[in-house]
Amino acid sequence: MDDGKSGESKVLEIRGYREEDRGALGRLGALAFGGSPVEWEEYYDPAKNPRLDPSWVSVVEEDGEARSSATVLPLEVFVDGAAVPLGGVAAVKTHPAYRRRGYAGALIRHLLGRMRRQGMHLAALWPFSHAFYRAYGWELVSESIRYRLDPRQLATGPEQRRIRAHRESDLPQLARLLERRAARHPLGVRRTGGAWDRALKDRELAVYEGEGGAEGYLLYEVSDRDSRRTPPRILRAVELVAGSPDARRGLLSFLASQDPEVFEIVHKTSRGEPLHPHLGSAHLRMEVEPEFMLRLVSVEGALGHLRRSPSAPLVLRVADDGLPENAGEYTVGPEGIFRGSGSPHQVSLDVRQLAQLYAGYLPAGRLAELGLIRPGSGRALRLLEELFPPGDPWIFPADHF
Numbered sequence: 276m277d278d279g280k281s282g283e284s285k286v287l288e289i290r291g292y293r294e295e296d297r298g299a300l301g302r303l304g305a306l307a308f309g310g311s312p313v314e315w316e317e318y319y320d321p322a323k324n325p326r327l328d329p330s331w332v333s334v335v336e337e338d339g340e341a342r343s344s345a346t347v348l349p350l351e352v353f354v355d356g357a358a359v360p361l362g363g364v365a366a367v368k369t370h371p372a373y374r375r376r377g378y379a380g381a382l383i384r385h386l387l388g389r390m391r392r393q394g395m396h397l398a399a400l401w402p403f404s405h406a407f408y409r410a411y412g413w414e415l416v417s418e419s420i421r422y423r424l425d426p427r428q429l430a431t432g433p434e435q436r437r438i439r440a441h442r443e444s445d446l447p448q449l450a451r452l453l454e455r456r457a458a459r460h461p462l463g464v465r466r467t468g469g470a471w472d473r474a475l476k477d478r479e480l481a482v483y484e485g486e487g488g489a490e491g492y493l494l495y496e497v498s499d500r501d502s503r504r505t506p507p508r509i510l511r512a513v514e515l516v517a518g519s520p521d522a523r524r525g526l527l528s529f530l531a532s533q534d535p536e537v538f539e540i541v542h543k544t545s546r547g548e549p550l551h552p553h554l555g556s557a558h559l560r561m562e563v564e565p566e567f568m569l570r571l572v573s574v575e576g577a578l579g580h581l582r583r584s585p586s587a588p589l590v591l592r593v594a595d596d597g598l599p600e601n602a603g604e605y606t607v608g609p610e611g612i613f614r615g616s617g618s619p620h621q622v623s624l625d626v627r628q629l630a631q632l633y634a635g636y637l638p639a640g641r642l643a644e645l646g647l648i649r650p651g652s653g654r655a656l657r658l659l660e661e662l663f664p665p666g667d668p669w670i671f672p673a674d675h676f
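Just so you know, we're using my numbering here: the sequence shown kicks off at 276 and counts up by one.
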C-alpha cells in the first residue's frame, strides 16, 4: 500500500482492469495484506466475489507491469431508511518496491473523479492510515466496542430453548431481519443474495425460532489460538441480529452456554448498542476501535439523499480542499436544497466535519465546542442540530470491504 504522496507531480497512466491482471493483482494483494495469491485472485473473480464489478478496478501500469491498484465496490447503504449508492473503496495496494511514489494518491483522485461523474455521491473505506485518507477528504465516522468475554459473564435464560441450527429455508427471513436492522443504522450496507453466500462461507449460523418463524440469528466462527494460551479456542460472534428482546436473550444465552475452559467469546458491537445491559458486571475486557471513514463525493448529491430538513433555511458554507467542485454555499430547508446563499443562518465547516454530521457520528454542538465548525449564531447551530441528529453509524462486520 502506498502511504506517501511524494512524486505526485508525475503524470501516471491509470487504466482499467484486464483479465490478464488477475495473477499480478493476486500477488500484489498477498504482498500488501497477507493471505495467498490464489485467495486474492479470487477477489477479482465476480463469480466468487459478488460485490466486485471489474469495470471499477483501476490499475497503475509502469514499464509493462501492474504496480498499484484500487477498487470501488458499487454498494448500497441506508440513509434515512432508504438505500442509496455508495462507493466502497477497497483493495488499495502498491508493490512494496514502488511505494511512496504517489501511485495510491493518484488512484484515489482518479476514483473520486469517476464516482462524482457517475453520480455516486458517497464513498467509504477502512483505512490503513487515517492521516493519509484525511488528506483526500475522508473522515472517521464510526466506532465499535470489541468485547472479550468469559461465557459466564453472559446471562443464561429459558429463551435458549428456542435456539436451533439454521435451515436453507430460513435465509429470506434472516435477510429481512438484517435489512430492518441495518436500515436503523446510518450507512448500514444492504446485503444482496450473493453477499449473503460470501458472509456464510466457513461460518455457522444459530437461529432463534419465534412464534412466526426465525426471529433472530447469530453468525459465528470458531478458531484455535496459540496452544500456550487459555482458553484454547475463540468463538467469534460476527453478527447478532435480534428482532425482539426474547431473541436477543436467547442468542446471548447460547453464547453463555459455551464451555469457559474451551472458549473465549469475542464480539464487536456498534457504539450505540453496547453489551453492558446484558452483563452481570461491567468489569471486563473491552476496546473501542475506529471503524470506517466517509467521504462526501458530491455535497449537493449527498444532501439530496436526506429525507429531513431544518425548520428554516440554513446555509452550509463548505470548504473542500480535495474536490474544489464541492466548495461553496448550500441552502438546505423545507423547500429543498440549492447552491448559493438563501438564508441569514449560516454555518462554516469543512467537508470532513460535514461527513461526521452526515453520519450522525458527532453532534453539531460538540463540533462547535471543539471549534471544528463555525455557526454564525445560536439559531444556526440549532438548525444544524435539527438537520443532523446524532445516530449510530454502523456496518456489520460481515459486510466490511
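All C-beta atoms in this analysis are idealised placements derived from N, C-alpha and C, irrespective of residue type, glycine included.
- prompt: Taking V626 as the reference, which of L510, L642, V563, H620 has the closest Cα?
  reply: Out of L510, L642, V563, H620, L642 has the C-alpha closest to the C-alpha of V626.
field: N- and C-terminal bounds of the alpha helix (DSSP H) containing I670
entry: Here I670 belongs to no alpha helix (DSSP H), and DSSP marks it neither H nor E.
message: Does the segment 338 to 349 come into contact with the segment 569 to 578, if we say contact requires no fewer than three beta-carbon pairs (one atom in each stretch) closer than 8 Å?
response: The segment 338 to 349, when compared against the segment 569 to 578, does not touch it at the 8 Å Cβ threshold.
- prompt: With distances taken between CB atoms, is the gap from L591 to L624 smaller than 8 Å?
  reply: For L591 and L624, yes; Cβs fall inside 8 Å.
- prompt: Looking at C-alpha atoms only, which residue of D596, S545, V354, V497 is the closest neighbour of E564?
  reply: Checked all of D596, S545, V354, V497; the closest Cα to E564 is S545.
Complete runs of the beta strand (DSSP E) confined to the segment 378 to 444 [at least 3 residues]: Whole beta strand (DSSP E) segments, 3+ residues: 397 to 400, 418 to 424, 438 to 440.
- prompt: Quick one: any contact between the segment 631 to 651 and the segment 309 to 328, if contact means 3 or more CB pairs under 8 Å?
  reply: In short, these stretches do not touch, since the Cβ pair count stays below three.
field: When G555, L386, G518 are compared against Y492, the one with the closest alpha-carbon
entry: The residue among G555, L386, G518 with its C-alpha nearest the C-alpha of Y492 is G518.
- prompt: How many Å lie between I648 and Q631 at the Cα?
  reply: Rounded to the nearest angstrom, the two C-alpha atoms are 11 Å apart.
message: Assuming V367 is part of the beta strand (DSSP E), what are its boundary residues?
response: Looking at the DSSP string, the run of the beta strand (DSSP E) that includes V367 is 357 to 369.
message: Would H370 and L287 be called neighbours here (beta carbons separated by less than 8 Å)?
response: The answer is no: Cβ separation not under 8 Å.
message: Which runs of the beta strand (DSSP E) at least 3 residues long sit entirely within the segment 524 to 556? Give them in chain order.
response: Unbroken beta strand (DSSP E) runs of no fewer than 3 residues, entirely contained in the segment 524 to 556, are found at 538 to 545, following chain order.
- prompt: Where does L462 sit, in a helix, a strand or coil, going by DSSP?
  reply: Per DSSP, reduced to three states, the secondary structure at L462 is coil, with no helix or strand assignment.
query: D521 to H460, Cα distance in whole Å?
result: Cα to Cα, D521 sits roughly 21 Å from H460.
query: Can you name, in chain order, every residue of its own chain whose Cβ lies under 6 Å from the Cβ of W413, other than the five neighbours on each side?
result: So the qualifying residues of the chain are M568, R570.
query: Considering only residues of the segment 456 to 522, which uninterrupted beta strand (DSSP E) runs meet the minimum length of 3 residues and lie entirely inside it, listed in chain order?
result: Within the segment 456 to 522, the runs of beta strand (DSSP E) at least 3 residues long that lie entirely inside it are, in chain order, 479 to 485, 488 to 499, 508 to 517.
message: Going by the DSSP bridge assignment, what does S333 pair with across the sheet?
response: Partner(s): G291, A345.
- prompt: Among residues of its own chain, excluding the 5 on either side of T431, which ones have a beta-carbon nearer than 7 Å to its beta-carbon?
  reply: Closer than 7 Å at Cβ, skipping near neighbours: S528, A531, S532.
Minimum C-alpha distance to F676 - residue among A474, T606, G525: With distances taken between Cα atoms, F676 lies closest to A474.
message: So, at 7 Å on beta carbons, what are the nonlocal neighbours of S311 in its own chain, with the 5 sequence-adjacent residues on each side left out?
response: Here the set comprises A305.
field: G640 versus R503: straight-line alpha-carbon distance, rounded
entry: Going by the C-alpha atoms only, they are around 49 Å apart.
query: Taking the alpha carbon of S616 as the point to measure from, which residue in G597, D596, L589, L629 has its own alpha carbon closest?
result: The shortest C-alpha separation from S616 is found at L589.
A358 versus E660, L581, P585, Q621, residue with shortest Cα-Cα distance: Nearest neighbour of A358 by Cα position, chosen from E660, L581, P585, Q621, turns out to be L581.
message: For L387, which residues in the same chain have their Cβ closer than 8 Å to its Cβ, ignoring the five residues on either side in sequence?
response: Setting aside the 5 residues that flank it on each side, L387 is surrounded in the same chain by A398, Y411, G412, R570, V572, G597, L598, each with a C-beta closer than 8 Å to its C-beta; the list follows chain order.
- prompt: Relative to the C-alpha of D499, which residue among V482, E539, F353, R523 is closest?
  reply: When each option's Cα is compared against that of D499, the closest is E539.
Euclidean distance between Cα positions of A299 and A341: Taking the straight line from one Cα to the other gives about 7 Å.
- prompt: Terminal residues of the continuous beta strand (DSSP E) containing L632?
  reply: Premise fails: L632 lies in the alpha helix (DSSP H), 626 to 634, not in any beta strand (DSSP E).
- request: Measure the beta-carbon distance from S404 to Y378 and round it to whole angstroms, keeping in mind my assumption that it falls under 8 Å.
  value: So it is not a contact: roughly 15 Å between Cβ atoms.
task: Compare the C-alpha of I383 against each of D355, L452, E610, S333 and name the closest.
output: Comparing C-alpha distances from I383 to each of D355, L452, E610, S333 shows the shortest one belongs to S333.
- prompt: Thinking C-beta only, is H620 closer than 8 Å to R583?
  reply: In this structure, the beta-carbon distance from R583 to H620 does not fall below 8 Å.
field: Same chain, Cβ closer than 8 Å to S586, five either side skipped, listed in chain order
entry: Counting only Cβ-Cβ distances below 8 Å, and skipping sequence neighbours, we find P609, L658, E661.
- prompt: Among the residues of its own chain, which have a CB less than 7 Å from the CB of M390, if the five just before and after it don't count?
  reply: So the qualifying residues of the chain are V347, G362, A398, V572.
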